[in-house]
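Since the structure comes first, as structure tokens, the remarks are kept for the end.
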Amino acid sequence: MEIDYIALFVADVGRSLMFYRDILGFRFDKPAKPDGVEGYSGKLKIGIYDRQWLPKLFGDRGNQPISGNPFLLSMTVEDLDQIYQEIGDRQVKMQAQALVTIISPPSIMPWGQKILFLSDPDSNIIEIVQSNPL
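So, in structure tokens, the structure goes:
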């Protein structure tokens with residue numbers, strides 16, 4: 744079994760599309776609709792949908808408030824410092840500082856991995872890990 748699809752339910756599809764496409768570089772081949780858009784990060788398909796879809800999918804349970812951020816999206820890159828610089832450059836170019844919150848700049852964790860933590864416009868945590876050991 745392997746994960747091949749992730750769905751994110753967001754407050755603003757357009758804003759989240761800008762984050763995942765323009766800041767992180769995910770590929771979206773089709774134009775966004777007001778209620779959602781689907782794209783790719785490598786082979787992984789990602790769907791970004793308006794939160795108003797939740798009641799349609801889950802009935803009354805979809806109307807219940809969701810607290811906290813129980814979601815972390817992790818990606819692996821070859822050169823974390825380069826990616827960190829590219830994210831900063833894209834923010835400046837787009838004047839999109841409000842799209843990205845850097846939680847922790849690239850840092851070496853106690854277990855030896857170099858990791859960057861940031862959050863998307865809906866406060867979902869994004870972890871970007873350098874693939875090669877230090």
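Heads up: the sequence shown at position 71 corresponds to 814 in this note's numbering, and the numbers run straight through without jumps.
Every residue, glycine too, gets a C-beta built ideally from N, C-alpha and C.
Bear in mind the structure is a predicted one, so any value in this text is a computation, not a measurement.
Look at SER784 here: in three-state DSSP terms it is strand.
At a Cβ-Cβ threshold of 8 Å, SER862 and VAL820 do not count as neighbours.
Counting C-beta atoms within 10 angstroms of its own C-beta, TYR748 has fewer than 16 neighbours from the protein chains shown and is therefore classed as exposed.
Around the beta carbon of ILE766, 16 or more other beta carbons lie within 10 angstroms, which makes this residue buried. A Cβ-Cβ distance of about 20 Å is found for the pair GLY768 and GLY779, leaving them out of contact under the 8 Å criterion. Per the C-alpha coordinates, the member of TYR763, ALA775, SER784 positioned closest to ILE830 is TYR763. CA-CA distance, ALA750 to LYS786, rounds to 14 Å. Under the criterion of beta carbons closer than 8 Å, ALA754 and ASP865 qualify as touching, at roughly 6 Å.
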